[in-house]
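Read the structure below first, then the notes.
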Amino acid sequence: MEFQNVIFNRKSIRTFLDEKVSDEQIYRLLEFGHAAPSAGNIQPWEFIIVKDEDNKKAIVETTFIGNNMIDGKPQEWILKAPVIIVVVANKQKSYERYGKIALETLIYLDCSACIENMLLGAVELGLASCYVSGFRKDELSKVLKLPETHEPIAILPIGYSNDVSLKRPKVKLDEIIHCEVFSG
């Protein structure tokens, strides 16, 4: 697929076919993510691959819809994905090189570049995903048995799309372009 088609065909998919994703495809997605740039080439990302239904349910219980972190309804649609990849940041690795700024911004920026590569890679492989960031970090860390040196950044449900929805509208590009200085 041409690169521009990969970019423009990427959508956040929340419905999946009941079809297995191969280990080779999962590994390829991880390779795409691992090829991302990072500050100082630290590569703080690590991946947790989850297929077991009980483990998937435990992950989903840490999620929420909207902005109600405490009482928000779990994002149960995630359970339909045959695979969940949780992208985790190794905070210690980044902190040792960059100090406090690593924990404030760099781990999120670096891991987001990794995640975008994976989302685009899913399109290239004929798969679908969604960038899920609505979860209770401390609870998810416990579910995944993460050491204190690691932090969950995103949940990526992976599968074959069963989506028939229309592409969501984007803000007009001309409304967000500024030349030389901010002009808004």
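Sequence positions in the sequence shown follow our numbering and run 1317 to 1500.
Ideal Cβ placement from N, Cα and C applies to all residues, glycine included.
For residue i, which residues of its own chain have a beta-carbon under 7 Å away from its beta-carbon, when the five flanking residues on both sides are left out?
i       : result
Lys1453 : Glu1467 and Pro1468
Arg1413 : Gly1356 and Ile1358
Lys1409 : Ile1358 and Pro1360
Leu1422 : Ala1355, Ser1410 and Tyr1414
Val1322 : Leu1436, Val1439 and Glu1440
Using a threshold of 8 Å, state whether the C-beta atoms of residue i and residue j are closer than that.
i       : j       : result
Leu1345 : Ala1438 : yes
Ile1400 : Ile1431 : no
Thr1331 : Glu1455 : no
Ala1470 : Val1403 : yes
Glu1362 : Asn1406 : yes
Whose C-beta lies closer than 8 Å to the C-beta of residue i among residues of the same chain, with five residues either side of it excluded?
i       : result
Glu1335 : Pro1398, Gly1475 and Tyr1476
Ile1307 : Since the displayed the chain opens at 1317 and closes at 1500, residue 1307 lies outside it and no answer follows.
Ile1342 : Ile1365, Val1399, Ile1401 and Ile1474
Val1448 : Thr1379, Gln1391, Ile1394, Ala1470, Ile1471, Leu1472 and Pro1473
Lys1373 : Leu1395
Ser1457 : His1466, Glu1467 and Pro1468
Tyr1424 : Ala1405 and Ile1469
DSSP beta-bridge partners for residue i?
i       : result
Phe1332 : Ser1477
Ala1470 : Val1403
Glu1362 : Val1404
Thr1379 : Phe1451
Ser1445 : Ser1328 and Ile1474
If contacts are defined as beta-carbon pairs under 8 Å, then residue i and residue j qualify, I think. What distance do you get, rounded to the angstrom?
i       : j       : result
Ser1338 : Cys1446 : With a Cβ gap of about 20 Å, Ser1338 and Cys1446 do not count as contacting.
Leu1460 : Met1434 : The pair is not a contact, with the Cβ atoms about 18 Å apart (cut-off 8 Å).
Ala1429 : Ala1352 : 4 Å
Please go through the same chain and pick out, in chain order, the residues whose beta-carbon is closer than 6 Å to the beta-carbon of residue i, but skip the five residues on each side of it.
i       : result
Cys1427 : Trp1361, Val1403, Ala1405 and Ile1469
Asn1325 : Val1439
| query | Looking at C-beta atoms only, is the number of pairs between the stretch 1338-1352 and the stretch 1369-1388 that lie closer than 8 Å three or more? | reply | no
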